[in-house]
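Asks: Quick note on numbering: our numbering labels position 522 of the sequence shown as 524, and the sequence is numbered without any gaps. Glycine included, each C-beta is placed from N, C-alpha and C at the ideal position. Pasting a structure below so you can have a look.
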Amino acid sequence: MKNQIETTETAMEFLAEKKLLYSKIWTEEAVTFITELHRKFESQRKLLLLQREQKQVTFDQGIMPVFIPETKSIREGNWTAGEIPKDLLDRRVEITGPVDRKMIINALNSGAKTFMADFEDSTSPTWQNLMEGQLNLIDAVNKTITFTDLVKQKSYHLNEKTATLIVRPRGLHLPEKHLLIDGKEVSGSLVDFGLYVFHNHKRLLENNSGPYFYIPKVEHYLEARWWNNLIDFTEDYLNLKRGTIKVTVLIETITASFQLDEIIYELKEHIVGLNCGRWDYIFSYIKKFRKNPKFIVPDRDQVNMTSPFMNAYSNLVIQRCHERGIHAIGGMTAQIPIRNNEEANAVAFAKVKTDKEREVRNGHDGTWVAHPDLVSLAKEIFDKGMPTPNQIHIKREHRKITEADLIEPPIGIITENGVRKNINVGVLYLASWLNGQGAAALHNLMEDAATAEISRSQLWQWLQNKVVLDNGRKLDLAYYHELALDEFRKIKEELGEENHEKQQFPLAEKVLERLVVNTDFVDFLTIPCYKYL
């Protein structure tokens, strides 16, 4: 059903049921603002996506990324980014999660310094999830958000002291299919960013905070420039002082790690940090070098932050951030509490402890956790290793990180168990996402789109390059299907036929098959899946 809102200046169509229009969000003023953003920034967004495709052609030809010669003066220049707001000076523990009501309350109450409310990798972008998320954030900013769990008969509300709120909109590649402006699809980035800042900027400033964002999936400094232009335009439109809107950029693509200074420079009036988005970074490494047999990535369990290319990337982020006066935030540890197994829970917490100790020792100014129960552990480690609000003042220039360091292939083996695990995680996550759940606890790890992307891209890479497993067997199509059918069977037996059907597994299996077997690589699994929501 289409519902059209027209004024003399706008022509917006809602391709959703009228009852889901959410009139509190889609006021005439908000519609006008989103329309302005679309008309001003959409054509450039499309051009940037085209440039990504063109760059991929060069990678497929074996041309590797380099530090760009034409921006050498920026890398070597003596400059720093703008001022960091008081409520973002200490970010030692950040919790992340989707924008549902209970999650928002628990995260804001968790004891973490900040909460990243996520419209991207941990949210399945159903119209209801997105619009309810915007309403939930309005209530959170106004400190009126509550939730009642009828099953547990438990009520949730905000504590007096809460985490600082940061919002992550969808990346440049993701559309919003429920809206058309001037007959054209709208960018998910513009919708998520625009609605949040439009409805909340005044109250955030009254709360002595501000509109703070995480920017995902940046691949080039020109994309950072696009975001900077969008932010400048928004500040002017809303009569905000320049630099009011602050951003942290996720460094989660291999190409971005070659342009850290350039990305910071483009956003220097707004940027307060970079974050090591480790899971998407591994996915990007596989994706960009997918056709190069020299860059076959082993079982994903063998790739971690001590792998040479990952270690180089995180240390370079720390170096460049501290040189430019901004935070270098560490990445997500996927472990979650295992309540029914004390021994396994102790192992999981030990892994978190080791990871966070490495981060603070290397020079990170904060870290991410996925569960409230991990906040105190991460905080204890950073309190011990970082007595100051951050360690931006400590420069880490003793190690020179080269282009070769950033792309050094990880060493390891590919096993049948690794293939099976990727199939299992891939189909389980896809089913969850298709059911409207973007964050899924699988095998005692919190999985989101990034980790599912690793699973399916590894399977594609291994198949296309006909890798030989450690058991001596070549992974061809027949062998893959043998393993896939067996994994699908086990899931069906565990769930039962009715639940298997109800939870979208037949569709998830078909989608995974297309993502893995088709010779054309799909850039993001969320794009072909989106049509099913």
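Since F149 sits in a beta bridge, which residues does DSSP pair it with?
Replies: For the purposes of this step, residue 149 is taken as the residue at position 147 of the sequence shown. Its beta-bridge partners are Y158.
Asks: Give the single residue among S75, A510, H400 whose Cα lies nearest to the Cα of Y532.
Replies: Along the sequence shown, read from residue 1 onward, the residue named residue 532 stands at position 530. When only C-alpha atoms are compared, the closest one is A510.
Asks: Here's a check: name, in chain order, each residue in its chain whose Cβ is nearer than 7 Å to the Cβ of L444, leaving out the five neighbours to either side.
Replies: Taking the first residue of the sequence shown as 1, we reach residue 444 at position 442. Once the five neighbours on either side are set aside, the close Cβ partners of L444 are V427, L430, Y431.
Asks: Could you give the DSSP three-state label for Y214: helix, strand or coil?
Replies: To locate residue 214, count along the sequence shown from 1; it is residue 212. Correct three-state label for Y214: strand.
Asks: Taking the alpha-carbon positions, what's the S112 to H483 distance?
Replies: By 1-based counting over the sequence shown, the position of residue 112 is 110. By 1-based counting over the sequence shown, the position of residue 483 is 481. Near 44 Å, if we compare the C-alpha coordinates of H483 and S112.
Asks: Which of the three DSSP states, helix, strand or coil, is assigned to A13?
Replies: Taking the first residue of the sequence shown as position 1, residue 13 is located at position 11. The answer is strand: DSSP assigns A13 an E or B state.
Asks: My output table needs one value for K115: the three-state DSSP class, helix, strand or coil.
Replies: Here residue 115 refers to the residue found at position 113 of the sequence shown. Residue state, collapsed to three classes: coil.
Asks: In chain order, what residues of the same chain lie with their CB nearer than 7 Å to the CB of L514, ignoring the 5 residues before and after it?
Replies: Within the sequence shown, residue 514 is the residue found at index 512, counting from 1. If we look at L514 and ignore the five residues flanking it on each side, its Cβ neighbours are G428, V429, L432, R458.
Asks: I need the straight-line Cα distance from K290 to L152, nearest angstrom please.
Replies: To locate residue 290, count along the sequence shown from 1; it is residue 288. To locate residue 152, count along the sequence shown from 1; it is residue 150. About 47 Å.
Asks: Classify L91 as helix, strand or coil using the three-state DSSP reduction.
Replies: The residue labelled residue 91 in the question sits at position 89 within the sequence shown. L91: coil per DSSP, three-state reduction.
Asks: Return the chain-ordered list of same chain residues with a C-beta closer than 8 Å to the C-beta of Y239, the five sequence neighbours on each side being excluded.
Replies: On the sequence shown, residue 239 is found 237 positions in, with the first residue counted as 1. Around Y239: F35, E38.
Asks: According to the neighbour-count rule (16 or more other Cβ atoms, all chains shown, within 10 Å of its Cβ), is I396 buried or exposed?
Replies: As a working mapping, residue 396 is identified with position 394 in the sequence shown. I396 comes out exposed.
Asks: What does a CB cutoff of less than 6 Å around D184 pick up in its chain, not counting 5 residues either side in sequence?
Replies: Taking the sequence shown and counting its residues from 1, the one referred to as residue 184 is at position 182. Closer than 6 Å at the Cβ level, and outside the excluded window around D184, lie A13.
Asks: Given this structure, state the Cα-to-Cα distance separating T10 from L17, to the nearest angstrom.
Replies: Counting from one through the sequence shown, the residue named residue 10 turns up at place 8. Counting from one through the sequence shown, the residue named residue 17 turns up at place 15. With a pLDDT of only 39 at T10, under 50, the local geometry of the prediction cannot be trusted, and the value read off the model is given with reservation. Computed Cα separation, rounded: 21 Å.
Asks: Run through the region 240-272 for me and flag every whole alpha helix (DSSP H) of 4 or more residues, listed as ranges in chain order.
Replies: With a minimum length of 4 residues, the continuous alpha helix (DSSP H) runs that stay inside the region 240-272 are 262-268.
Asks: In angstroms, rounded to a whole number, what distance separates the CA positions of L436 and A451?
Replies: Translated into the one-based positions of the sequence shown, residue 436 becomes position 434. Translated into the one-based positions of the sequence shown, residue 451 becomes position 449. Computed Cα separation, rounded: 12 Å.
Asks: Among all the DSSP beta bridges, which residues are the ones paired with E449?
Replies: Within the sequence shown, the letter at position 447 stands for residue 449. DSSP, once it has assigned bridges, lists A442 as partnering E449.
Asks: Here's the rule I'm using: 16 or more other beta-carbon atoms within 10 Å means buried, otherwise exposed. How should T404 be labelled?
Replies: Position 402 of the sequence shown, counted from the first residue, corresponds to residue 404. Exposed, since its Cβ has fewer than 16 Cβ neighbours within 10 Å.
Asks: Name the DSSP bridge partner or partners of H329?
Replies: As a position in the sequence shown, residue 329 is number 327, starting the count at 1. Paired residues: G275.
Asks: When the Cα atoms are used, what is the spatial distance from G99 to K468?
Replies: For the purposes of this step, residue 99 is taken as the residue at position 97 of the sequence shown. For the purposes of this step, residue 468 is taken as the residue at position 466 of the sequence shown. Distance between the alpha carbons of G99 and K468 is about 37 Å.
Asks: Going by DSSP, what residues sit across from W370 in a beta bridge?
Replies: Mapped onto the sequence shown, residue 370 falls at position 368. For W370, which the question treats as bridged, DSSP gives the partners E96, M334.
Asks: Give me whichever residues DSSP pairs with L182 in a beta bridge.
Replies: Counted from its first residue, the sequence shown places residue 182 at position 180. Per DSSP, E15, E187.
Asks: Expressed to the nearest angstrom, what Euclidean distance is found between the alpha-carbon atoms of V319 and A330?
Replies: Counted from its first residue, the sequence shown places residue 319 at position 317. Counted from its first residue, the sequence shown places residue 330 at position 328. About 6 Å.
Asks: Among residues of its own chain, excluding the 5 on either side of S378, which ones have a beta-carbon nearer than 7 Å to its beta-carbon?
Replies: For the purposes of this step, residue 378 is taken as the residue at position 376 of the sequence shown. Result list for S378: G113, in chain order.
Asks: Going by DSSP, what residues sit across from L167 in a beta bridge?
Replies: Indexing the sequence shown from 1 puts residue 167 at position 165. The partner list for L167 (beta bridge, DSSP) reads F117.
Asks: With three or more C-beta pairs closer than 8 Å as the rule, is the region 491-499 touching the region 322-336?
Replies: Because the criterion of three Cβ pairs below 8 Å is not met, the region 322-336 and the region 491-499 do not touch.
Asks: Give me the DSSP bridge partner(s) of P177.
Replies: The residue given as residue 177 occupies position 175 in the sequence shown. In the DSSP output, where bridge partners are listed per residue, P177 has S189.
Asks: Would a C-beta distance cut-off of 8 Å place V101 and T125 closer than the cut-off?
Replies: In the sequence shown, the residue the question calls residue 101 occupies position 99. In the sequence shown, the residue the question calls residue 125 occupies position 123. Contact: yes.
Asks: Does the contact criterion of 3 or more C-beta pairs under 8 Å hold for the region 25-34 versus the region 267-276?
Replies: These segments do not touch.
Asks: Going by the CB atoms, is the gap between G387 and V349 shorter than 8 Å?
Replies: Residue 349 sits at position 347 when you count from the first residue of the sequence shown. Residue 387 sits at position 385 when you count from the first residue of the sequence shown. Taking 8 Å as the Cβ cut-off, V349 and G387 do not qualify as a contacting pair.
Asks: With N277 and T250 assumed to form a contact (beta carbons below 8 Å), what rounded beta-carbon distance in angstroms separates them?
Replies: Locating residue 277 in the sequence shown gives position 275, where the first residue counts as 1. Locating residue 250 in the sequence shown gives position 248, where the first residue counts as 1. Their Cβ separation, rounded to whole angstroms, is 6 Å, which keeps N277 and T250 in contact under 8 Å.
Asks: For D375 and M307, which I take to be in contact (beta-carbon distance under 8 Å), what is that distance rounded to the nearest angstrom?
Replies: For this step, residue 375 is matched to residue 373 along the sequence shown. For this step, residue 307 is matched to residue 305 along the sequence shown. That pair is no contact at about 22 Å.
Asks: Just checking L224 against the ligand NAD - is the residue's beta carbon closer than 7 Å to any of the ligand's heavy atoms?
Replies: As presented, the structure is devoid of all ligands, the ligand NAD included, so that no description of it is given.
Asks: Out of W464, R94, P508, C323, point me to the one whose CA is closest to P300's CA.
Replies: By one-based count along the sequence shown, residue 300 stands at place 298. If we check each option's Cα against that of P300, W464 comes out closest.
Asks: Along the chain, where does the alpha helix (DSSP H) that runs through H483 open and close?
Replies: Taking the sequence shown and counting its residues from 1, one reaches residue 483 at position 481. Where H483 is concerned, the enclosing alpha helix (DSSP H) stretches over 479-497.
Asks: Is A165 closer than 8 Å to T128 when the C-beta atoms are compared?
Replies: Counting from one through the sequence shown, the residue named residue 128 turns up at place 126. Counting from one through the sequence shown, the residue named residue 165 turns up at place 163. In this structure, A165 does not lie closer than 8 Å to T128 by Cβ.
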